[in-house]
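There are 2 protein chains.
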Amino acid sequence: MRSLKKFSKAEYGERLQKVKKKMEKKGLDALFISDPANMNYLTGYDGWSFYVPQMVLVFLEDEEPYWFGRAQDANGARATAWLSPSQLLSYSDEYVHAKSKHPMEVLAAWVKEKKKNIKRVGVEMDAYYFSPRAFECLQTGCFWINFADAQHVVNEIRMIKSDQEILYMKKAGTIAERAMKAGVDVAKEGARVCDIAAAIAQAQISGTPDAGGDYPSIVPLIPAGSLTFAPHVTWTDERLKQGDPLIIELAGCFHRYHAPLARTVTVGKMGDRFLSLVRAVMEGIEAVLEQIKPGITCEEVEDTWQRVIKKHGFTKDSRIGYSIGLNYPPDWGEHTASLRPGDQTILQPNMAFHLMPGVWLDDIGVEISESFVVTENGCETLSQFPRLLSS
Amino acid sequence: MRSLKKFSKAEYGERLQKVKKKMEKKGLDALFISDPANMNYLTGYDGWSFYVPQMVLVFLEDEEPYWFGRAQDANGARATAWLSPSQLLSYSDEYVHAKSKHPMEVLAAWVKEKKKNIKRVGVEMDAYYFSPRAFECLQTGCFWINFADAQHVVNEIRMIKSDQEILYMKKAGTIAERAMKAGVDVAKEGARVCDIAAAIAQAQISGTPDAGGDYPSIVPLIPAGSLTFAPHVTWTDERLKQGDPLIIELAGCFHRYHAPLARTVTVGKMGDRFLSLVRAVMEGIEAVLEQIKPGITCEEVEDTWQRVIKKHGFTKDSRIGYSIGLNYPPDWGEHTASLRPGDQTILQPNMAFHLMPGVWLDDIGVEISESFVVTENGCETLSQFPRLLSS
Chain R
1 MRSLKKFSKA
11 EYGERLQKVK
21 KKMEKKGLDA
31 LFISDPANMN
41 YLTGYDGWSF
51 YVPQMVLVFL
61 EDEEPYWFGR
71 AQDANGARAT
81 AWLSPSQLLS
91 YSDEYVHAKS
101 KHPMEVLAAW
111 VKEKKKNIKR
121 VGVEMDAYYF
131 SPRAFECLQT
141 GCFWINFADA
151 QHVVNEIRMI
161 KSDQEILYMK
171 KAGTIAERAM
181 KAGVDVAKEG
191 ARVCDIAAAI
201 AQAQISGTPD
211 AGGDYPSIVP
221 LIPAGSLTFA
231 PHVTWTDERL
241 KQGDPLIIEL
251 AGCFHRYHAP
261 LARTVTVGKM
271 GDRFLSLVRA
281 VMEGIEAVLE
291 QIKPGITCEE
301 VEDTWQRVIK
311 KHGFTKDSRI
321 GYSIGLNYPP
331 DWGEHTASLR
341 PGDQTILQPN
351 MAFHLMPGVW
361 LDDIGVEISE
371 SFVVTENGCE
381 TLSQFPRLLS
391 S
Chain L
1 MRSLKKFSKA
11 EYGERLQKVK
21 KKMEKKGLDA
31 LFISDPANMN
41 YLTGYDGWSF
51 YVPQMVLVFL
61 EDEEPYWFGR
71 AQDANGARAT
81 AWLSPSQLLS
91 YSDEYVHAKS
101 KHPMEVLAAW
111 VKEKKKNIKR
121 VGVEMDAYYF
131 SPRAFECLQT
141 GCFWINFADA
151 QHVVNEIRMI
161 KSDQEILYMK
171 KAGTIAERAM
181 KAGVDVAKEG
191 ARVCDIAAAI
201 AQAQISGTPD
211 AGGDYPSIVP
221 LIPAGSLTFA
231 PHVTWTDERL
241 KQGDPLIIEL
251 AGCFHRYHAP
261 LARTVTVGKM
271 GDRFLSLVRA
281 VMEGIEAVLE
291 QIKPGITCEE
301 VEDTWQRVIK
311 KHGFTKDSRI
321 GYSIGLNYPP
331 DWGEHTASLR
341 PGDQTILQPN
351 MAFHLMPGVW
361 LDDIGVEISE
371 SFVVTENGCE
381 TLSQFPRLLS
391 S
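Which chain is which? The protein sequence lines are R and L, in order. All residue numbers for the first sequence refer to UniProt numbering, where the first residue is 1 and numbers rise by one. All residue numbers for the second sequence refer to UniProt numbering, where the first residue is 1 and numbers rise by one.
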């Protein structure tokens, strides 16, 4: 069987050391991680099991982290994580979606039995899949522990990728190109929007002959016709009419690493109002990509964009991009740096962003985006796909 | 444009009345809902926006609920929800994935300004996408409010479907048949597992000529070869070999209503050990489906299953099914009734379940499932697809 381990044990070890260093600085004895991307980042664990409570536990005093999850998912942990069998903890099925029991009670009981010496534990207070009830169970069962918010401890380390991670993101970028082409090819007069989404999903998952695709953290978003003003509506089974605009936002995904890509197309000729918005966005993207290099800040990047778009008479009050990489549904963003005013994160080599300067007016919207990785001297886009196109 | 409203305003009104009745019983002045399925159930709101905080607010004193979300998603709410424009509240983009600000601060400030009279509010303490930090923001900003857990208030109402909902689930069942056929057709010797998943996703989203498919809440799960023992690993790009077993678990989805379906197949001839497990599971399913009718309890259903499977010398210690319907990633289950010991939920007409008696041994696993709706006299499966098949 082809190995399901995506990185060397040494690379996981380096990641863990970085986390432990941050834990020491923050005075944390342990870190209880519930973000599936962070769980994967530290252990390799990969599975669609985040619909039930699960965690990775990092103790300063232990060499290896623990994986905690549903008993039937421990097999998946054996198959995908680098952890020793002794590090897999689980709860039985009676705790799954039960009203009077919660899996975090099992974890708290284990901590009470085995880790009574632990005093201060970091938890991800705003992570997906960590609920107020889960937190309450931990607090009640581990009454002597002082819990602290450690929301971005792992996410911040994830911002700077290894070369192996960048390689996976480039494969994802190639998959994104193929998926976009598959979608644009179907987007003709009379096609149902759902059939465009279907073609995209097929291409995303099939990937390339050498690299099968993974499921992106967000489904293809295809606001079409009168819906381009609503960026996060999914598809309908309406048929495209001559002149209909449509936005396609998608990602390629490889080993859970993402390369998002958005384009705006029209069935037939693009109307003048759309075209002028498209041209402004394209000029803004070019200006931004030209400027990207190590040392500038996220807010400087956004400022460049604003100057171009204002010249064209448009405004945009939402961020124009965000850090990307490894992730799980419902989001491919890393929730750390955003390209917006006030974000003084300094760009460094091997950081990666989705530059996504969508502009939504009252009735129409345009999205054209690029994912890029910061290089030693500038940046490189993860996909190569024409920015101006009509289907 | 084809209407994006999926149910009549009257049906939404009935749902809301049921919720308000339960709120009165529980002494709640308001209910703050963060589960996207519950938000959709009460307002029709549909969009891939649950990666940022959002809520539906039901106040006993107000006729219409409020939608609260990101400013750029208010357009999606206008397009999909039945609410009056005055009921759409939003926060600006500077609150999105920001370290020092949280969208729930905006909601708390609104409540403080407009709803100072509200004393007791129900929140879904274990819902996806409601974080401990979100809850803390609400508690801090609305310091005078007494928050109570209202985890299953809406979910329990969702258990009994309207005829319109059942109709959508049957369409989902037809889509599931097509998706399973698409997957089985590709699952030949030499095929990459990712290409099976790709064919399934294409069929799921394309749907039928009359009913375009929606994205299911879970991606196709296809443990293959030596991985059938791990139910929630997703696909690899490994190629199938002669004799490889594979499990395909998927759902059809229509207007966010699900009909899950699982089958176990083998490339070529099924080995004796697999076959005996398959036959036991099939006999268990037949016995259960024959017994289903209004009036029996969930645990009685499970007991029937156990008697059959024990006769064959197998055991299963996880639940054999759960209530299904409307949902969003990461789960298509409703988190209310489970077919397991101790669950005394009484089956009633228009309830729907995924009967999913997967059996995982130490090294192999078999999943064969049916989704069914309880009828006046028995039950009806949502899909018709052979249970024993080899690819």
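By construction, the Cβ of each residue, glycine as well, lies at the ideal position given by its N, Cα and C atoms.
- Residues of the stretch 285-305 of chain R with a C-beta less than 7 Å from any C-beta of chain L: none at all.
- Interface residue (Cβ-Cβ distance to chain L less than 8 Å): threonine 234/R is classified as such.
- Counting the other CB atoms within 10 Å of its CB gives arginine 279/L a total below 16, which places it among the exposed residues.
- The Cβ of lysine 99/R sits closer than 8 Å to at least one Cβ of chain L.
- Check the Cα spacing between phenylalanine 135/R and each of Cys142/L, Thr140/L and Ala127/L: the tightest is with Ala127/L.
- Setting aside the 5 residues that flank it on each side, glycine 284/L is surrounded in the same chain by Trp305, Val308, Ile309 and Pro357, each with a C-beta closer than 6 Å to its C-beta; the list follows chain order.
- In the structure shown, the three-state DSSP call for methionine 356/L is coil.
- In this structure, threonine 264/L sits away from valine 186/L, with a CB-CB distance that is not shorter than 8 Å.
- In the DSSP assignment, the residues bridged to serine 323/L are Phe353/L.
- Distance from the Cα of asparagine 327/R is smallest, within the candidate group Arg319/R, Ile320/R and Thr336/R, for Thr336/R.
- At least one CB atom of chain R sits nearer than 8 Å to the CB of histidine 152/L.
- Taking all protein chains shown into account, aspartate 210/R has fewer than 16 neighbouring C-beta atoms within 10 Å of its C-beta and is therefore exposed.
- Here tryptophan 144/L is exposed, its C-beta having fewer than 16 other C-beta atoms within 10 Å.
- Excluding five sequence positions before and after proline 36/L, the CB atoms of its chain that fall closer than 6 Å to its own CB belong to Phe50 and Tyr328, given in chain order.
- Nearest to alanine 108/L by alpha-carbon distance, out of Thr140/L, Lys5/L and Gly173/L, is Thr140/L.
- Contact of leucine 221/R with chain L by beta-carbon distance below 7 Å involves Trp48.
- Going by C-alpha positions, isoleucine 296/L is about 14 Å away from asparagine 350/L.
- The residues Pro103, Met104 and Ala134, in chain order, have a CB closer than 7 Å to that of proline 53/R in the same chain once the five nearest residues on each side in sequence are set aside.
- Contact with chain R is absent for tryptophan 82/L, since none of that chain's Cβ atoms lies less than 8 Å from the residue's Cβ.
- In the DSSP secondary-structure assignment, aspartate 46/L is not bridged to any residue.
- Counting other Cβ atoms within 10 Å of its Cβ, serine 86/L stays below 16 and is therefore classed as exposed.
- Contact annotation for valine 96/L against chain R: Ser318, Arg319 and Ser338 [CB-CB distance below 8 Å, chain order].
- As summarised for the UniProt domain "Creatinase N-terminal" (15-160) of chain R, the continuous alpha helix (DSSP H) elements at least 4 residues long and confined to that stretch are 36-43, 74-80, 103-114, 132-141 and 153-158, given in chain order.
- Straight across, the Cα-Cα distance linking alanine 262/L with serine 369/L is about 5 Å.
- The residue among Ile157/R, Lys181/R and Phe59/R with its C-alpha nearest the C-alpha of arginine 15/R is Ile157/R.
- Only exposed fits glutamate 61/R, as fewer than 16 other CB atoms lie within 10 angstroms of its CB.
- Cβ contact annotation for valine 233/L (same chain, cutoff 8 Å, sequence separation greater than five): Leu221, Pro223 and Leu227, in chain order.
- Separation of the CB atoms of tryptophan 67/R and valine 56/R is rounded to 6 Å, and the pair is thereby assigned contact status at 8 Å.
- Residue pairing of valine 373/L in beta bridges, as defined by DSSP: Ala352/L and Glu380/L.
- Of the other Cβ atoms in all chains shown, fewer than 16 fall within 10 Å of the Cβ of glycine 378/L; this residue is therefore exposed.
- For the set Pro65/L, Pro260/L and Gln151/L, the Cα lying nearest the Cα of glutamate 249/L is the one of Pro260/L.
- Annotation: methionine 356/L has no Cβ neighbours in chain R at a cutoff of 8 Å; minimum Cβ distance is about 12 Å.
- Collapsing the DSSP output to three states places alanine 251/L in a strand.
- For aspartate 149/L against methionine 125/L, the beta-carbon gap comes to about 4 Å, under 8 Å, which counts as contact.
- Taking CB atoms only, alanine 251/L has no neighbour in chain R less than 8 Å away.
- Under the Cβ criterion of 8 Å, glycine 207/L is counted among the residues facing chain R.
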